[in-house]
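Participant:
2 protein chains.
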Amino acid sequence: MATDPLSVIFAALADPTRRAILARLAEGPATVKELSAPFAMSGPAISKHLRVLERAGLITRGRDAQWRPCHLSAAPLKEVADWAEHYRRFWDASYARLDSYLQQMKDEESDDGHDR
Amino acid sequence: MATDPLSVIFAALADPTRRAILARLAEGPATVKELSAPFAMSGPAISKHLRVLERAGLITRGRDAQWRPCHLSAAPLKEVADWAEHYRRFWDASYARLDSYLQQMKDEESDDGHDR
DNA sequence: AGGTTAGATAACCGAGTGGTTAGGTAGCGA
DNA sequence: TCGCTACCTAACCACTCGGTTATCTAACCT
């Protein structure tokens with residue numbers, strides 16, 4: 001797998017179990033046991049998912065006696081949102097109109113009588 | 001790999017080559033040859049990347065004689081942006097203040113003298 | 001000290017990824 | 001028709017992923 005930050009983040013999000021874990025953590029910190037409760041999955045499987053999320057910077061883990069409370073760390077999600085925003089003009093109708101207007105300006109400019 | 005739409009989209013985006021292809025297509029349609037030019041990679045490798053993008057709904061391919069022009073299809077990126085927006089309050093300071101205010105209201109409500 | 005619980009690690013497995021080379025197909029143009 | 005170009009498919013490779021079971025550590029509670 002690619003190791004650049006954005007690729008690691010996207011890869012971490014490309015699994016419904018991990019996205020569900022993030023959704024749960026959006027409601028507050030939770031232990032590993034609590035996080036694994038909704039899933040028909042062994043502990044180690046959850047543990048691996050958590051490590052993937054941790055390496056993507058999406059969660060942090062503390063320590064409280066025998067518990068390892070996880071909590072959400074949303075900074076990478078801002079990166080995702082910012083990245084996607086670059087393409088907004090391709091799905092947002094009003095943006096698309098602005099974009100085609102600017103494109104038209106550009107076309108007319110490069111078209112008005114000068115060679116090369 | 002997970003087969004739900006959002007997972008397929010995120011997985012497609014979890015590769016810098018594929019994101020670079022999308023960035024190129026944001027400037028307009030391109031043939032497979034044009035898309036492969038910036039990369040030190042064989043044709044079939046690019047072809048596989050394009051198939052991943054196509055299955056995620058991020059590109060469509062037409063046909064023009066021996067060329068297969070690709071163009072961007074950004075609807076899935078809107079899904080990504082919308083998904084990430086759900087977490088905005090965790091990185092946006094003003095949203096976070098609103099959120100803690102609402103949380104405080106909730107705490108005071110469940111705290112004002114009633115048992116259970 | 002002994003038992004229980006929370007959690008991580010290791011080793012393994014089947015399926016998928018990202019790349020390769022080789023070879024096939026479709027359309028253009030001389 | 002012959003050759004060139006654009007592109008795809010097939011087969012293969014090393015590696016990763018998502019899951020398992022078995023085993024280990026650490027902390028709590030009698």
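Protein chains in written order, with UniProt numbering: chain C, 1 to 116; chain B, 1 to 116. Glycine residues also receive a C-beta, built at the ideal position from the N, C-alpha and C atoms.
If you measure between the beta carbons of residue 75 of chain B and residue 9 of chain B, is that distance less than 7 Å?
Facilitator: On the second sequence, position 75 is the one that residue 75 of chain B refers to. On the second sequence, position 9 is the one that residue 9 of chain B refers to. No.
Participant: With 7 Å set as the bound, which would you pick, yes or no: does the beta-carbon of residue 14 of chain B sit closer than that to a beta-carbon of chain C?
Facilitator: Position 14 of the second sequence holds residue 14 of chain B. Output row for residue 14 of chain B: interface = yes.
Participant: Counting only Cβ-Cβ distances shorter than 7 Å, please list the residues of the region 74-87 of chain C near chain B, keeping chain order.
Facilitator: 74, 75, 77, 78, 80, 81, 84, 85 and 87
Participant: Quick one: grab the DSSP three-state call for residue 17 of chain C.
Facilitator: As a first step, residue 17 of chain C must be located in the first sequence, where it is residue number 17. Looking at residue 17 of chain C - three-state DSSP - the assignment turns out to be helix.
Participant: Would you list the residues sitting across from residue 61 of chain B in a DSSP beta bridge?
Facilitator: What you label residue 61 of chain B is simply residue 61 of the second sequence in a count that begins at 1. According to DSSP, which records beta bridges pairwise, residue 61 of chain B is partnered with B/70.
Participant: Considering only the beta carbon of each residue, do residue 49 of chain C and residue 18 of chain C sit closer than 7 Å?
Facilitator: Along the first sequence, one-based indexing puts residue 49 of chain C at 49. Along the first sequence, one-based indexing puts residue 18 of chain C at 18. Yes, they are a contact pair.
Participant: Could you tell me whether the Cβ of residue 2 of chain B comes closer than 7 Å to any Cβ of chain C?
Facilitator: Within the second sequence, numbered from 1, the residue matching residue 2 of chain B stands at position 2. So, interface residue.
Participant: Let me see if you follow: with CB-CB separation under 7 Å, is residue 45 of chain C close to chain B or not?
Facilitator: As a position in the first sequence, residue 45 of chain C is number 45, starting the count at 1. No - not a single Cβ of chain B is within 7 Å of the one on residue 45 of chain C.
Participant: In chain order, what residues of the same chain lie with their CB nearer than 8 Å to the CB of residue 35 of chain B, ignoring the 5 residues before and after it?
Facilitator: As a first step, residue 35 of chain B must be located in the second sequence, where it is residue number 35. Excluding positions up to five away in sequence, the list reads 21, 24, 25, 46, 50 and 70.
Participant: Using a 10 Å radius around the Cβ and a threshold of 16 neighbouring Cβ atoms, would you call residue 53 of chain C buried or exposed?
Facilitator: Taking the first residue of the first sequence as 1, we reach residue 53 of chain C at position 53. It is buried - the Cβ of residue 53 of chain C has at least 16 other Cβ atoms within 10 Å.
Participant: Report the CB separation of residue 78 of chain B from residue 91 of chain C in whole angstroms; it is logged as a contact under 8 Å.
Facilitator: By 1-based counting over the second sequence, the position of residue 78 of chain B is 78. By 1-based counting over the first sequence, the position of residue 91 of chain C is 91. Sure, about 4 Å apart at Cβ, within 8 Å.
Participant: Using a C-beta to C-beta distance shorter than 9 Å, which residues of chain B count as neighbours of residue 42 of chain C?
Facilitator: By 1-based counting over the first sequence, the position of residue 42 of chain C is 42. Those within 9 Å of residue 42 of chain C in chain B number zero; the least Cβ separation is about 18 Å.
Participant: Based on DSSP bridge pairs, tell me the residues matched to residue 26 of chain B.
Facilitator: As a first step, residue 26 of chain B must be located in the second sequence, where it is residue number 26. DSSP output for residue 26 of chain B lists no bridge partner at all.
Participant: Would you list, in chain order, the members of the region 9-37 of chain C that have their beta-carbon closer than 9 Å to a beta-carbon of chain B?
Facilitator: 9, 10, 11, 12, 13, 14, 15, 16, 17, 19, 22, 23 and 26
Participant: Strictly below 9 Å CB to CB, what residues from chain C border residue 90 of chain B?
Facilitator: To locate residue 90 of chain B, count along the second sequence from 1; it is residue 90. Simply 26, 72, 73, 74, 75, 77 and 78.
Participant: Please list, in chain order, all residues of the same chain as residue 12 of chain C whose beta carbon is under 7 Å from its beta carbon, the five residues on each side excluded.
Facilitator: As a position in the first sequence, residue 12 of chain C is number 12, starting the count at 1. If we look at residue 12 of chain C and ignore the five residues flanking it on each side, its Cβ neighbours are 18, 52, 53, 56 and 58.
Participant: Look at the alpha carbon of residue 41 of chain B and the alpha carbon of residue 33 of chain B, and state the distance between them as a whole number of angstroms.
Facilitator: Translated into the one-based positions of the second sequence, residue 41 of chain B becomes position 41. Translated into the one-based positions of the second sequence, residue 33 of chain B becomes position 33. If I take the Cα positions, the gap works out to 11 Å.
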